[in-house]
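Down below is the structure, laid out as structure tokens.
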Amino acid sequence: MNEAMAELLSALTDSRRAHSIGVGQRMESVAKLLPAGIRADAVTAAYLHDVGYGHPDIGFHPLDGARLLQSLGYSQVVCHIVAFHTAAEVESEVRGLDPRMFDEFRLTDVVGLDMADDFMWWADLSTGPNGEEFSVDERLAEILRRYEPGSVVHTAITRAEPRLRMAVQRASGSM
Ligand SMILES: [Fe+2]
């Protein structure tokens with residue numbers, strides 16, 4: 047992690063920062079399995095995936111983070127991975143946000159991007175809220191405990207669970 051990234055993470059709470067660093071390290075441990083051209087961006091995105099919590103604008107952290115990083119000149123791939131991380135589209139539906147807000151971050155024809163997205167979701171879902179190593183089951187149970195039934199995140203994670211598990215399965219299958 048470089049200084050600029052550490053500076054961005056300094057706006058997060060201690061636990062979110064520890065989680066972010068854990069997710070970044072998790073991605074570093076598997077990045078060599080990704081096509082060479084996308085490795086560095088996947089690692090950057092993993093460290094910065096939750097940076098939107100520290101720089102709120104619309105109040106939806108995946109898009110707040112992607113927009114912030116775009117304004118700072120981070121690559122389209124980094125911004126894409128952050129915008130779409132861990133079923134962000136499902137949570138945006140639950141929040142009633144306009145799905146067109148994702149459009150500027152959609153990318154096609156980037157070698158290894160689907161795999162990098164899967165690795166991002168896996169890294170997030172196998173890292174606890176303080177950076178611990180978690181199984182996916184532990185992580186999903188932990189999120190559902192932390193957010194009340196009926197809350198946006200609880201509803202979104204419940205709705206997204208099959209997609210989350212499929213992404214993790216694909217990622218694990220290529221490790
Ligand atoms: Fe997140």
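FYI, in the working numbering the residues of the sequence shown are 47 to 221. We treat Cβ as the ideally placed atom computed from N, Cα and C, and that holds for glycine.
Option in Pro195, Trp167 and Asn176 with minimal Cα separation from Val76: Translated into positions along the sequence shown, residue 76 becomes position 30. Closest option to Val76, Cα to Cα, is Trp167.
Local Cβ density within 10 Å of Pro108, reported as buried at 16 or more and exposed below that: Taking the first residue of the sequence shown as 1, we reach residue 108 at position 62. Burial call: buried.
Residue range of the alpha helix (DSSP H) that includes Tyr93: What you label residue 93 is simply residue 47 of the sequence shown in a count that begins at 1. Here the alpha helix (DSSP H) through Tyr93 covers Ala82 to Leu94.
Rounded C-alpha distance that separates Gly100 from Ala52: The sequence position of residue 100 within the sequence shown is 54, counting from 1. The sequence position of residue 52 within the sequence shown is 6, counting from 1. One C-alpha to the other measures close to 12 Å.
Selection from Ala202, Val198 and Leu171 that minimises the alpha carbon distance to Ser218: Taking the first residue of the sequence shown as 1, we reach residue 218 at position 172. Ranking the options by Cα distance to Ser218, first place goes to Leu171.
Bridge-paired residues (DSSP) for Thr173: Here the question's residue 173 lines up with position 127 in the sequence shown. In the DSSP output, where bridge partners are listed per residue, Thr173 has Glu179.
Limits of the unbroken alpha helix (DSSP H) element including His131: Taking the first residue of the sequence shown as 1, we reach residue 131 at position 85. Careful: His131 lies outside any alpha helix (DSSP H) and carries neither H nor E.
contact_flag[the stretch 118-136, the stretch 149-158] where n(CB pairs < 8 Å) is 3 or more: yes
Distance between Gly142 and Val198 (C-alpha atoms, nearest Å): What you label residue 198 is simply residue 152 of the sequence shown in a count that begins at 1. What you label residue 142 is simply residue 96 of the sequence shown in a count that begins at 1. Approximately 10 Å, taken between the alpha carbons.
Reduced DSSP category for Ser197 - H, G, I as helix; E, B as strand; rest coil: Residue numbering aside, residue 197 sits at position 151 when the sequence shown is read from its first letter. Ser197: coil per DSSP, three-state reduction.
Alpha helix (DSSP H) runs contained entirely in the stretch 101-159, provided each spans 4 or more residues: Entirely contained in the stretch 101-159, the alpha helix (DSSP H) runs reaching 4 residues are, in chain order, 107-117, 122-129 and 134-140.
Presumed contact (8 Å Cβ cut-off) between Ala133 and Ala206, rounded CB distance: On the sequence shown, position 87 is the one that residue 133 refers to. On the sequence shown, position 160 is the one that residue 206 refers to. Here Ala133 really is in contact with Ala206; their C-beta atoms are around 4 Å apart, less than 8 Å.
Beta-carbon proximity list for Leu58, same chain, < 8 Å, skipping 5 on both sides: For the purposes of this step, residue 58 is taken as residue 12 along the sequence shown, with counting starting at 1. Excluding sequence neighbours, Leu58 sits near Ser66, Asp96, Val97, Tyr99 and Gly100.
C-beta atoms of Leu79 and Ala162 nearer than 8 Å: Indexing the sequence shown from 1 puts residue 79 at position 33. Indexing the sequence shown from 1 puts residue 162 at position 116. No, they are not a contact pair.
Distance CB(Gly174)-CB(Arg192) smaller than 8 Å: By 1-based counting over the sequence shown, the position of residue 174 is 128. By 1-based counting over the sequence shown, the position of residue 192 is 146. No, the Cβ-Cβ distance between Gly174 and Arg192 is not below 8 Å.
Nearest residue (CA-CA) to Asp160, options Pro195, Met47 and Ala88: The count along the sequence shown starts at 1 and reaches residue 160 at position 114. It is Ala88.
Burial state of Ala213 (16 or more Cβ within 10 Å): Looking up residue 213 in the sequence shown gives position 167. Counting Cβ neighbours within 10 Å, Ala213 comes out buried, since at least 16 surround it.
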